[in-house]
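One point on numbering: in the working numbering, the residue at position 117 of the sequence shown is 117, and numbering is uninterrupted.
Even for Gly, the Cβ is constructed at its ideal location relative to N, Cα and C.
Quick notes on the structure that follows.
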Amino acid sequence: MRIIDLSSHIDASAYEADPVTHEVLTAAQGAEHMAEQLKARLGVEFDVSVLRDSEFLTLDRISLTSHTGTHVDAPSHYGSKTTYGNGIPRHIDEMPLEWFHNPGVKLDVRGHGTGAIGPEVLEKEFARIGYTPKPMDIVILDTGAAEHAGTQTYFTDYTGLDGPATNLLLDLGVKVIATDAFSLDAPFPDIVKRYLQTKDESVLWPAHFAGRDREYCQIERLANLEALPDFGFTVVAFPVKIKGAGAGWTRAVALLDD
């Protein structure tokens with residue numbers, strides 16, 4: 001079995017719409033920090049020179065959003081109310097793990113430019129690969145956006161789904177839709193521009209807002225999709241268990257039998 005990494009980096013040196021800060025305490029600094037904490041909390045004096053090279057442990061302090069890097073959006077990310085269930089969307093720590101370990105299907109939607117594609121594009125891909133997603137399959141959209149990760153273009157130029165395309169996949173029983181782009185919806189500037197031109201509210205984040213009426217999750221910011229076949233692999237993307245959060249990071253991988 002091959003394990004194919006589908007995750008993008010969390011990189012404080014790369015461009016992010018919400019910048020990441022990453023502070024590293026070296027092993028030497030970690031020793032001083034430990035000694036300071038022992039004295040402040042327990043009144044214990046500790047001489048770090050007794051440690052090999054006067055070093056203890058490194059420590060990373062990172063500030064970032066839960067939507068940085070490869071992550072899973074929970075239903076609570078889409079809004080505070082739903083028209084299904086008890087009307088309250090679930091947070092990421094409440095989602096069933098079974099959703100995130102399922103057969104994967106890759107749809108090639110590269111070459112469609114910036115904006116939102118409709119169901120006809122997806123149906124054409126079903127026909128091309130000879131496979132229609134089944135209930136609980138994890139559908140992955142290969143938009144080509146991962147090529148621009150770490151740049152401003154990654155956040156402004158990519159392909160998303162419109163409302164009918166999103167609902168087509170949900171009608172098939174899909175519970176997790178994934179993409180290599182920043183968002184499953186079209187870029188913010190494109191959405192706002194089309195709304196101002198048309199005053200059509202259906203263009204306003206339709207893929208996300210579909211989650212107010214139908215429970216599903218998104219995986220965003222995948223990478224390395226060129227290593228995947230169209231289908232015949234398993235996706236594993238368990239989200240980090242953050243209490244009450246609308247999203248959680250994941251180290252998404254594909255399992256492929258050779």
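Check: Can you tell which of Ser-76, His-112, Thr-26, Ala-17 has the C-alpha that lies nearest to the C-alpha of Phe-188?
Finding: Ranking Ser-76, His-112, Thr-26, Ala-17 by CA distance to the CA of Phe-188 puts Ala-17 first.
Checklist line | Three-state class that DSSP yields for His-77 in the structure shown | finding: helix
Checklist line | Given Val-235 as reference, the closest of Lys-243, Tyr-195, Ala-245, Ile-219 once Cα atoms are compared | finding: Selected option, being the one with the closest Cα: Ile-219.
Note to self: Looking at Asp-162: is its Cβ nearer than 7 angstroms to the Cβ of Pro-206?
What the structure shows: yes
Notebook entry, point to check: Out of curiosity, what's the CA-to-CA distance linking Leu-204 and Ile-191?
Noted result: 6 angstroms
Notebook entry, point to check: In terms of alpha-carbon separation, which member of Thr-82, Glu-55, Asp-180 lies closest to Lys-106?
Noted result: For Lys-106, the closest C-alpha among the options Thr-82, Glu-55, Asp-180 is that of Asp-180.
Next item on the list: Look at Thr-70 and Ser-13 and say whether their C-beta atoms are less than 7 angstroms apart.
Entry: no
Item checked: Pair within 7 angstroms by beta-carbon distance, Ile-92 and Ala-254 -> no
Notebook entry, point to check: Taking the alpha carbon of Ala-178 as the point to measure from, which residue in His-33, Asp-108, Thr-65, Leu-196 has its own alpha carbon closest?
Noted result: Asp-108
Notebook entry, point to check: Taking contact to mean at least 3 C-beta pairs separated by less than 8 angstroms, is the segment 55-73 in contact with the segment 215-229?
Noted result: yes
Next item on the list: State the Cα-Cα distance for the pair Asp-259 and Gly-43, rounded to the nearest angstrom.
Entry: There is no way to answer for residue 259, as the model of the chain reaches only from 1 to 258.
Next item on the list: Mind checking which residues open and close the beta strand (DSSP E) that includes Ala-247?
Entry: First-last of the beta strand (DSSP E) with Ala-247: 247-249.
Check: Do Ala-116 and Gly-160 have their CB atoms nearer than 7 angstroms?
Finding: yes
Note to self: Can you tell me which residues form a DSSP beta bridge with Pro-103?
What the structure shows: Thr-234
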